[in-house]
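Everything on this sheet refers to the single structure shown next.
Residue numbers (our numbering): 25 to 377.
The following block contains the structure:
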């Protein structure tokens, strides 16, 4: 199936979910900010409860890094990939990059006043959540294309940083970058301490995630693989070379696009892969198809009290955001993937708890 957002770099998964979740967003509509990464303390994976999931991580690292192990993985082949939304940080009630797109509309109108009375921008400016929820996918595509392209990559970087420093999640009243999962931060740190390179492989916008990936996750921008649009080389009015973001899709890094993106950008099959939804299925399949020790893990959001509960696997609510189907759950069990219960396997979810 062709991506629904062929121009902007936001993917089908992000925009399809919007129609279901926008009515639930509380006023104000837009928010986010930034926090320094908390360092794990108190032993190996201290935010994990003892159990099969934690043991699977420890055993995988031991088996692939112990020089005496028959499953030893050469250091140059130690690659681990992580989805972001719903795997490394909160994705409910709406993906953060999509919030960014809506939040950019007022600035867009200021630069182009003629759009103020043009749909779909007029509806977004109204703040009417019911009307916004009825916007078509073509409308959302137009909004994304207008807010994510047409500027230089440096201008985009500056605008995204400014937004991240100001907006907050409506439930926790904290910057979105506070809402990373401490147990997953510990997994990334533990893997890196044992010679693994950690990559973020996201269906979200590559340029957007690169703005904060190193500060928030310790993952440098060159180790972020995401949905990307084309850029054009040129010169500014002073003759300085620039790259301009164009409204044309280059890589749709979701579903089957994830292993394709891994091959294109990394060039090695991961030995470990972490996700939480159907959009990550092919990445985990691709990882598991390799030789030697492999670790495939899926985070199941089953803790409505501390975070959110959604599936619809195992009878959980079907929210259309970060969909984890029963078919995916069954495939995981059949193929030996580890399903991580947020409720049972994690002592703590956030560093600020």
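For each residue, glycine too, the CB sits at the ideal point set by N, CA and C.
When burial is assigned at 16 or more other CB atoms within 10 Å of the CB, is residue 165 buried or exposed?
Here the question's residue 165 lines up with position 141 in the chain shown. Buried, because 16 or more other Cβ atoms sit within 10 Å of the Cβ of residue 165.
Rounded separation between residue 362 and residue 208 - CA only
Here residue 362 is taken as the residue at index 338 of the chain shown, counted from 1. Here residue 208 is taken as the residue at index 184 of the chain shown, counted from 1. Rounded to the nearest angstrom, the gap between the Cα atoms of residue 362 and residue 208 is 14 Å.
Provide the residue span of the beta strand (DSSP E) that contains residue 105, from first to last.
As a first step, residue 105 must be located in the chain shown, where it is residue number 81. 103 to 106 is the span of the beta strand (DSSP E), which, as asked, contains residue 105.
Just grab the DSSP bridge partners of residue 370 for me.
Along the chain shown, read from residue 1 onward, the residue named residue 370 stands at position 346. Beta-bridge partners of residue 370 (DSSP): 72.
Tell me where the beta strand (DSSP E) around residue 224 begins and ends.
Within the chain shown, numbered from 1, the residue matching residue 224 stands at position 200. For residue 224, the enclosing beta strand (DSSP E) stretches over residues 221 to 229.
Can you say whether residue 364 is buried or exposed, counting buried as having 16 or more other CB atoms within 10 angstroms of its CB?
The residue you call residue 364 lines up with position 340 of the chain shown. Burial call: buried.
Whole-angstrom distance between residue 96 and residue 90, CA atom to CA atom:
For the purposes of this step, residue 90 is taken as the residue at position 66 of the chain shown. For the purposes of this step, residue 96 is taken as the residue at position 72 of the chain shown. In a straight line, the C-alpha of residue 90 is about 6 Å away from that of residue 96.
Among 332, 330, 349, which one has its Cα closest to the Cα of residue 338?
Looking up residue 338 in the chain shown gives position 314. Taking each of 332, 330, 349 in turn and checking the Cα distance to residue 338, the smallest one comes out for 349.
Hey, how far is the Cα of residue 71 from the Cα of residue 292?
What you label residue 71 is simply residue 47 of the chain shown in a count that begins at 1. What you label residue 292 is simply residue 268 of the chain shown in a count that begins at 1. So the alpha carbons of these two residues sit roughly 30 Å apart.
Residue 282 lies in the alpha helix (DSSP H); which residues open and close that run?
Walking along the chain shown from the start, residue 282 turns up at place 258. Element bounds for residue 282: 281 to 289.
Could you tell me which of 73, 353, 69 sits nearest to residue 366, measuring between CA atoms?
Here residue 366 corresponds to residue number 342 of the chain shown, with the count starting at 1. With distances taken between Cα atoms, residue 366 lies closest to 73.
Which one or two residues does DSSP pair with residue 301 in a beta bridge?
For the purposes of this step, residue 301 is identified with residue 277 of the chain shown, where counting begins at 1. Beta-bridge partners assigned by DSSP to residue 301: none are found.
Could you tell me the distance, in whole angstroms, from the CA atom of residue 229 to the CA atom of residue 375?
One-based indexing of the chain shown puts residue 229 at position 205. One-based indexing of the chain shown puts residue 375 at position 351. If you take the alpha carbons of residue 229 and residue 375, they lie about 25 Å apart.
According to DSSP, what are the bridge partners of residue 242?
Against the chain shown, residue 242 aligns to sequence position 218. In the DSSP output, where bridge partners are listed per residue, residue 242 has none listed.
Look at residue 327 and residue 303 and say whether their C-beta atoms are less than 8 Å apart.
Reading the chain shown from its first residue, position 303 is the one you call residue 327. Reading the chain shown from its first residue, position 279 is the one you call residue 303. No. Outside cutoff.
From what residue to what residue does the alpha helix (DSSP H) around residue 179 run?
As a position in the chain shown, residue 179 is number 155, starting the count at 1. According to the DSSP assignment, residue 179 belongs to the alpha helix (DSSP H) that extends over 177 to 188.
Given a cut-off of 8 Å on the beta-carbon distance, is the pair residue 151 and residue 269 in contact?
The count along the chain shown starts at 1 and reaches residue 151 at position 127. The count along the chain shown starts at 1 and reaches residue 269 at position 245. Between residue 151 and residue 269, the C-beta gap is not smaller than 8 Å, which leaves the two residues out of contact.
So residue 227 and residue 251 are supposed to be a Cβ contact under 8 Å. How far apart are they, rounded?
Here residue 227 refers to the residue found at position 203 of the chain shown. Here residue 251 refers to the residue found at position 227 of the chain shown. 6 Å between Cβ atoms; contact.
Within the continuous beta strand (DSSP E) that includes residue 140, where are the two ends?
Your numbering for residue 140 matches position 116 in the chain shown. Element bounds for residue 140: n/a, residue is neither H nor E.
In the DSSP output, what is residue 337 paired with across the bridge?
The residue you call residue 337 lines up with position 313 of the chain shown. Answer by DSSP bridge pairing: none, since residue 337 is not bridged.
Residue 312 and residue 321: beta carbons closer than 8 Å?
For the purposes of this step, residue 312 is taken as residue 288 along the chain shown, with counting starting at 1. For the purposes of this step, residue 321 is taken as residue 297 along the chain shown, with counting starting at 1. No.
For residue 135, which of 170, 198, 234, 253 has the nearest alpha-carbon?
One-based indexing of the chain shown puts residue 135 at position 111. Considering only alpha carbons, the answer is 170.
Residue 376 in three-state terms, based on DSSP
Your numbering for residue 376 matches position 352 in the chain shown. Looking at residue 376 - three-state DSSP - the assignment turns out to be coil, as it is neither helix nor strand.
CB of residue 176 within 8 Å of CB of residue 266, strictly:
Taking the first residue of the chain shown as 1, we reach residue 176 at position 152. Taking the first residue of the chain shown as 1, we reach residue 266 at position 242. Yes. Within cutoff.
Please name the residue or residues paired with residue 253 in a DSSP beta bridge.
For this step, residue 253 is matched to residue 229 along the chain shown. The partner list for residue 253 (beta bridge, DSSP) reads 273.
Quick check on DSSP: helix, strand or coil for residue 199?
Taking the first residue of the chain shown as position 1, residue 199 is located at position 175. DSSP places residue 199 in coil when its eight states are reduced to three.
For residue 239 and residue 332, what's the separation of their Cα atoms in angstroms?
Here residue 239 corresponds to residue number 215 of the chain shown, with the count starting at 1. Here residue 332 corresponds to residue number 308 of the chain shown, with the count starting at 1. Here the alpha carbons of residue 332 and residue 239 stand approximately 25 Å from one another.
Rounded to whole angstroms, what is the Cα-Cα separation between residue 202 and residue 86?
Here the question's residue 202 lines up with position 178 in the chain shown. Here the question's residue 86 lines up with position 62 in the chain shown. Residue 202 and residue 86 have their C-alpha atoms roughly 31 Å apart.
Starting from the Cα of residue 98, find the closest Cα among 301, 218, 330 and give me that residue.
Working through the chain shown from its first residue, we reach residue 98 at position 74. Nearest Cα to residue 98 within the set 301, 218, 330: 218.
What does the alpha-carbon distance come out to for the pair residue 154 and residue 172?
Locating residue 154 in the chain shown gives position 130, counting from the first residue. Locating residue 172 in the chain shown gives position 148, counting from the first residue. Cα to Cα, the separation comes out at about 24 Å.
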